[in-house]
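What follows is a short report on a single structure.
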């Protein structure tokens, strides 16, 4: 399963059976870019630039669901939805950069795996 992280709010909460996105790939040499390979596409007439996010070896992206019920007893457990094969991060007009919030948060996962490695 592929997840597309897009810079917009879409009023839908279901899955798309055919999630193939029409896009092309180009090389990017901008400083600060997440990847040299950038995906190009459009969504509702707006240009999108995307990259595939990478995770450390011991981490896997997943979809989780939570109940909207608030309880005084304790926290409601989250439920496992599906394991993702990859996540593509999209920005409008410009390719995602290391300084964007999502890649910046993933940097902590990479840093933690290096700090806690035995080698």
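In my numbering, the protein residues as written are -10 to 108.
Glycine is no exception: its CB is placed at the ideal position from the N, C-alpha and C atoms.
- Sequence-distant partners of residue 31 (beyond 5 residues in either direction) whose C-beta falls short of 7 Å from its own C-beta, in its chain, are 37.
- A straight line joining the alpha-carbon of residue 94 with that of residue 88 spans about 9 Å.
- In this structure, residue -1 and residue 77 do not form a Cβ contact; the two beta carbons are roughly 15 Å apart against a cut-off of 8 Å.
- Residues 51 and 53 of the same chain have their beta carbon placed closer than 7 Å to that of residue 69, with the five preceding and five following residues left out of the count.
- Take residue 98, set aside five residues on each side of it, and the residues of its chain with a beta-carbon closer than 8 Å to its own are 44, 45 and 48, in chain order.
- Counting only residues of its own chain and dropping the five nearest sequence neighbours on each side, residue 41 has a CB closer than 6 Å to the CB of 75 and 77.
- Residue 13: member of the beta strand (DSSP E) spanning 13 to 16, first to last residue.
- Residue 1 and residue 65 have their C-alpha atoms some 23 Å from each other.
- Sixteen is the threshold: since fewer than 16 other Cβ atoms of the shown chains lie within 10 Å of the Cβ of residue 100, the residue is exposed.
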